[in-house]
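Under numbering that gives the first Met the number 0, the residue at position 66 of the sequence shown is numbered 65, and the numbers go up by one with no gaps. In what follows, a structure is listed as structure tokens, so that the remarks can point back to it.
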Amino acid sequence: MNSTKKGNGGFGPEYGMLGIITGHKNDLDDSILSLYQSFCSGDPDHPNWIWPTELVSFVHVGCAIHYCMDSTCQNNKVIEFDPTGYDPEVGPKGHFKEICPSFKEWIASNV
């Protein structure tokens, strides 16, 4: 059966995939685009905070943990960002880990 409907988030694990601009948003009313802009904008109180611009958050897992897609590799591997234990002096490095080698594989096992 072929579906003619298109989604804009709200499905998948945890709190669901975010909508790109509209559609499903997280508890702070963020979409994929607004969250990406927020993460990339930097924080004057934490100058070591530099978000890797190749990572696009698409699922809010909870407790500030996000699943992100790596936009620089062909398979778009899925990376988890977990800020637990964040040290402003060090920055976000070390809080990222690969959880799936491709977005396609991640979608197939989670939706």
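For each residue, glycine too, the CB sits at the ideal point set by N, CA and C. These figures come from a predicted structure and were not determined experimentally.
Delimiting residues of the beta strand (DSSP E) encompassing residue i
i: Y114; result: This structure leaves residue 114 out entirely; the chain is present only between 0 and 110.
i: E97; result: F95 to C99
Cβ-based burial, residue i [other Cβ within 10 Å; buried from 16]
i: C39; result: exposed
i: L17; result: buried
i: K24; result: buried
i: P43; result: exposed
Three-way DSSP call (helix, strand, coil) for residue i in this model
i: E88; result: coil
i: S2; result: Low local confidence applies: a pLDDT of 41 at S2 is under 50, so the model's placement there is unreliable, and no value is given.
Sheet register partners of residue i (DSSP bridge)
i: I64; result: G61
i: D81; result: DSSP lists no partner for D81.
i: V55; result: M68
Range of the contiguous alpha helix (DSSP H) that encloses residue i
i: I20; result: Unbroken run through I20: none, as it is neither H nor E.
i: K103; result: F102 to N109
C-alpha gap between residue i and residue j, whole angstroms
i: G93; j: G22; result: 31 Å
i: D86; j: P46; result: 12 Å
i: P31; j: H59; result: One detail in the question is off: residue 31 reads as Ile in this sequence, not Pro. Distance between the alpha carbons of I31 and H59: 10 Å.
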